[in-house]
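Peer 1: Provided herewith is a single structure, encoded as structure tokens, for subsequent inquiry.
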Amino acid sequence: MIKIIIDTIEDQRIEEFHKKRERQLKHMLEPAPGYFITESPLVILRALKAGYEPVKILREAGQICNEEQDVFEFIEEYERQNNVEISVFEAEENQFRTLTGFLLTRGMLCLMKRRKERNLGEILGRDYHRIVVLDDVENPTNIGAIVRSAAALSIDLILLTKGCSDPLYRRASRVSMGCIFQIPWAVGSTEEIYSELMKNGYKTVAMALREDSVTIDDNELNSEKKLAIIMGNEGYGLPQETIDKCDYTALIPMREGIDSLNVAAASAVSFWQLRYRGK
Numbered sequence: 005m006i007k008i009i010i011d012t013i014e015d016q017r018i019e020e021f022h023k024k025r026e027r028q029l030k031h032m033l034e035p036a037p038g039y040f041i042t043e044s045p046l047v048i049l050r051a052l053k054a055g056y057e058p059v060k061i062l063r064e065a066g067q068i069c070n071e072e073q074d075v076f077e078f079i080e081e082y083e084r085q086n087n088v089e090i091s092v093f094e095a096e097e098n099q100f101r102t103l104t105g106f107l108l109t110r111g112m113l114c115l116m117k118r119r120k121e122r123n124l125g126e127i128l129g130r131d132y133h134r135i136v137v138l139d140d141v142e143n144p145t146n147i148g149a150i151v152r153s154a155a156a157l158s159i160d161l162i163l164l165t166k167g168c169s170d171p172l173y174r175r176a177s178r179v180s181m182g183c184i185f186q187i188p189w190a191v192g193s194t195e196e197i198y199s200e201l202m203k204n205g206y207k208t209v210a211m212a213l214r215e216d217s218v219t220i221d222d223n224e225l226n227s228e229k230k231l232a233i234i235m236g237n238e239g240y241g242l243p244q245e246t247i248d249k250c251d252y253t254a255l256i257p258m259r260e261g262i263d264s265l266n267v268a269a270a271s272a273v274s275f276w277q278l279r280y281r282g283k
């Protein structure tokens with residue numbers, strides 16, 4: 005690794021961290037996949053272990069903590085195996101705070117390469133029991149929280165429609181605690197996702213408030229071997245045409261006067277109740 009001390013975050017060598025929006029980073033290398041930024045040693049290390057390629061690092065100058073040391077050891081091995089050298093830029097605390105907008109407890113950012121998007125037909129051909137489909141979930145914080153719950157509560161795969169926020173955006177991956185690098189996921193059009201689910205024998209349950217909705221502890225629903233749980237947009241939920249396509253419509257029972265939970269909270273409750281209990 006090459007250690008480089010910078011005097012200002014305006015340094016052009018780190019412009020990806022301070023001048024480029026995440027959408028710009030994503031499309032920088034088109035037609036090849038672009039870049040994304042990970043934040044904090046824990047998230048960076050999980051991305052590295054998942055096989056994502058590091059490009060450069062920006063960290064707050066000072067003593068290296070144990071978590072950062074783990075990152076550096078992994079990158080040193082990566083450098084040996086790939087005959088490359090990764091630049092590590094260091095900025096003083098006041099400069100780093102200006103860049104991030106707040107002081108990070110463990111100040112480290114890493115620019116990484118994206119991968120080619122996965123083919124839906126190929127990924128759904130595997131033997132998954134529980135899938136979550138995020139249908140136009142727009143808030144990256146919600147994406148991150150849902151991903152973390154999915155990883156913790158035995159969801160096998162996450163599918164996102166193209167109207168969703170990018171799960172590799174910095175805030176989403178940070179809120180997920182890097183779990184987005186530990187669970188399979190893919191993005192597709194709404195039509196493609198539902199077509200492939202049907203083709204591969206998945207039953208679908210729309211999480212929606214309707215008079216004919218069953219509760220999430222419904223025996224028939226919980227006994228399904230291959231089930232896709234459909235979570236909708238934060239504001240308008242799921243479109244009626246999507247609900248009509250699903251095999252079930254389900255809701256979480258609520259205290260009188262409260263009709264719903266935030267989509268991230270609802271996902272955690274639903275994932276726990278609808279987890280696969282077979283062998």
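The numbers in the sequence shown follow my numbering, run straight up by one, and end at 283.
C-beta: ideal position from N, C-alpha, C; glycine also.
#1: Please report the distance separating the alpha-carbon of residue 280 from that of residue 64.
#2: Is the CB-CB distance between residue 183 and residue 155 below 8 Å?
#3: From which residue to which residue does the alpha helix (DSSP H) around residue 185 run?
#4: Between the region 207 to 217 and the region 248 to 257, do three or more beta carbon pairs fall short of 8 Å?
#5: How should residue 189 be labelled, buried or exposed, when 16 other C-beta atoms within 10 angstroms of its C-beta is the threshold for buried?
#6: Check each candidate in 57, 66, 222 and 228 and name the one with the smallest Cα separation from residue 88.
#7: How is the beta strand (DSSP E) around residue 23 delimited, first residue to last?
#8: Alpha carbon to alpha carbon, how far is residue 204 from residue 141?
#9: Give the C-beta separation of residue 90 and residue 181 to the nearest angstrom, bearing in mind that I take them to be a contact with Cβ-Cβ under 8 Å.
#10: Which residues in the same chain have their Cβ closer than 7 Å to the Cβ of residue 158, if we skip the five residues on either side of it in sequence?
#11: Using C-beta distances below 6 Å, list every residue in its chain close to residue 268, excluding the 5 sequence neighbours before and after it, in chain order.
#12: Under DSSP, the beta strand (DSSP E) around residue 233 begins and ends at which residues?
#13: Can you tell me the Cα-Cα spacing of residue 138 and residue 11, whole angstroms?
Peer 2: Working from what's here:
#1: Across the structure, residue 280 and residue 64 are spaced so that their CA atoms are roughly 44 Å apart.
#2: Taking 8 Å as the Cβ cut-off, residue 183 and residue 155 qualify as a contacting pair.
#3: Taken as a continuous stretch (DSSP letters only), residue 185 belongs to no alpha helix (DSSP H), as it is neither H nor E.
#4: Taking 8 Å as the limit for Cβ pairs, the verdict is that the region 248 to 257 does touch the region 207 to 217.
#5: It is buried - the Cβ of residue 189 has at least 16 other Cβ atoms within 10 Å.
#6: Comparing Cα-Cα distances from residue 88 to each of 57, 66, 222 and 228, the minimum goes to 57.
#7: That residue, residue 23, is in no beta strand (DSSP E); it is neither H nor E in DSSP.
#8: Cα atoms of residue 204 and residue 141: separation of roughly 24 Å, rounded to the nearest angstrom.
#9: The Cβ separation is near 23 Å, so there is no contact.
#10: Cβ neighbours of residue 158 beyond the five flanking positions: 134, 279 and 280.
#11: Correct list, in chain order: 146, 149 and 150.
#12: According to the DSSP assignment, residue 233 belongs to the beta strand (DSSP E) that extends over 231 to 235.
#13: Using only the alpha carbons, I get a separation of about 43 Å.
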